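J.: Pasting a structure here, questions to come.
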Amino acid sequence: MTEKQYQETIFSKIIRKEIPANIVYQDELVTAFRDISPQAAVHILIIPNKFIPTVNHVTEEDEKTLGRLFTVAAKIAKEEGIAEDGYRLIMNCNAHGGQEVFHIHMHLVGGEPLGKMLSK
1 MTEKQYQETI
11 FSKIIRKEIP
21 ANIVYQDELV
31 TAFRDISPQA
41 AVHILIIPNK
51 FIPTVNHVTE
61 EDEKTLGRLF
71 TVAAKIAKEE
81 GIAEDGYRLI
91 MNCNAHGGQE
101 VFHIHMHLVG
111 GEPLGKMLSK
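The sequence shown finishes on residue 120 if you use UniProt numbering, and the numbering steps up by one all the way, no holes.
In structure tokens:
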């Protein structure tokens, strides 16, 4: 897959506002929007505006952007009223990790008990 093919994900189109999304936060580094197939009462995706296909592609120059993912997650959790009870942040990498869209993204999920993270 070429770099250009990677970049043309649904997330790149949401960042550029070429397709509609329920955006809850956007600044120069990150965009956050509600998942269209929520897995919990609150399910928001937080993505870097810079295209980074997988965690394996992260470099030192991405540290500020990745830090922003976490500070925005905490801000949104507070605004959504789930910070006190707790929430989960999930990032997947590649096929075995469950990554479906190859533009890194953090899932912020909560608003209800989430149970064990993994079970066999």
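We put the beta carbon where it would ideally sit given N, CA and C, even for glycine. Since the model is a prediction, treat every value here as computed from it, not as a measurement.
1. Near I15, what residues of its chain come up, given a Cβ to Cβ distance below 6 Å and the 5 sequence neighbours on each side ignored?
2. Just checking my contact of I52 with I104 at CB under 8 Å: how many whole Å lie between their CB atoms?
3. Measure the C-alpha to C-alpha separation of E18 and E112 and round it to an integer number of angstroms.
4. Taking just the CA atoms, how far does E61 sit from V55?
5. In this structure, how does DSSP classify L114 when only helix, strand and coil are distinguished?
6. Take M91 as the anchor and find which of T9, E80, A40 and M106 has the nearest alpha-carbon.
T.: So, from the data block:
1. T31 and N49
2. 5 Å
3. 32 Å
4. 13 Å
5. coil
6. M106
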